[in-house]
Amino acid sequence: MTTVHAVTDDTQGTGDADSLVPEDERARAIILRQLASSARTREHLRQKLAGKGISAAVAREVLDRFTEVGLIDDVTFARDYITSRRTARGISQRGLRQELTRKGVPEDIITEALSATTIDEERELALATVTKRWRSVATLEPPARRRRLASALARRGFPPELTYEVIREVEARMGAVGNDDEVTDLIEPD
37 MTTVHAVTDD
47 TQGTGDADSL
57 VPEDERARAI
67 ILRQLASSAR
77 TREHLRQKLA
87 GKGISAAVAR
97 EVLDRFTEVG
107 LIDDVTFARD
117 YITSRRTARG
127 ISQRGLRQEL
137 TRKGVPEDII
147 TEALSATTID
157 EERELALATV
167 TKRWRSVATL
177 EPPARRRRLA
187 SALARRGFPP
197 ELTYEVIREV
207 EARMGAVGND
217 DEVTDLIEPD
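For the sequence shown, the positions run 37 to 226 when the working numbering is used.
Listed below in structure tokens is the structure:
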């Protein structure tokens, strides 16, 4: 009869207890600890296992099993991530695509998850961002105000054309229309 010791901390190295635990059990324990705090992508978990010295073959086998039973689901992760980041931070499609790519979500899954977002929703999100920030920049000179608003949208991944359009619209709505060339210069520098 084989004695198996539980691994209690995935930060442990290859100590005595780890050497007695079969590699696939160690892999399962690592994944379960990761998933206990929040959903993770398959790629994130693969990297975590590799960092803990789990062989690629065992990692693939264990990850396949967790995917099969639905504990790892990159499609659901991507959809939930998009909803969360859009609500909390107002991130654009382009910004979300970059973030999901960094998290290891496959491109086809990202495209599928983002396909639910329309151009009108993207525009409304940009408008909401500029409108929300308006109060903090309203007293600035028009060039400085436009720079700040354009920077806020750029950090969230909005395209320059939409940025220009939305800033002009909010300025017109707020009665702060200035020289349109200044806005264009922010978007299309010489």
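Each residue gets a CB set at the ideal place from its N, CA and C atoms; glycine is no exception.
Proximity of leucine 254 and isoleucine 146 at Cβ, strictly below 8 Å: Outside the modelled stretch of the chain, which goes from 37 to 226, sits residue 254, for which no answer is possible.
Ranges of the alpha helix (DSSP H) found wholly within the region 105-163, counting only runs of at least 4: 110-125, 129-138 and 143-150
Simplified DSSP assignment, three categories, for proline 195: coil
Enclosing alpha helix (DSSP H) for glycine 87 [first to last residue]: 78-87
Per-residue burial, lysine 88 [other beta carbons within 10 Å of its own, 16 or more giving buried]: buried
Pair within 8 Å by beta-carbon distance, valine 98 and aspartate 60: yes
Element boundaries [alpha helix (DSSP H), containing leucine 20]: Residue 20 cannot be examined here, being either before or after the span of the chain that is shown, 37 to 226.
Assumed close pair leucine 150, leucine 132 - CB separation to whole angstroms, cut-off 8 Å: 6 Å
Nearest residue (CA-CA) to threonine 103, options Leu68, Ile90 and Ala152: Leu68
Nonlocal neighbours in the same chain, by C-beta distance under 6 Å from phenylalanine 113, ignoring five residues either side: Ala75 and Thr77
For serine 73, the first and last residue of its enclosing alpha helix (DSSP H): 59-73
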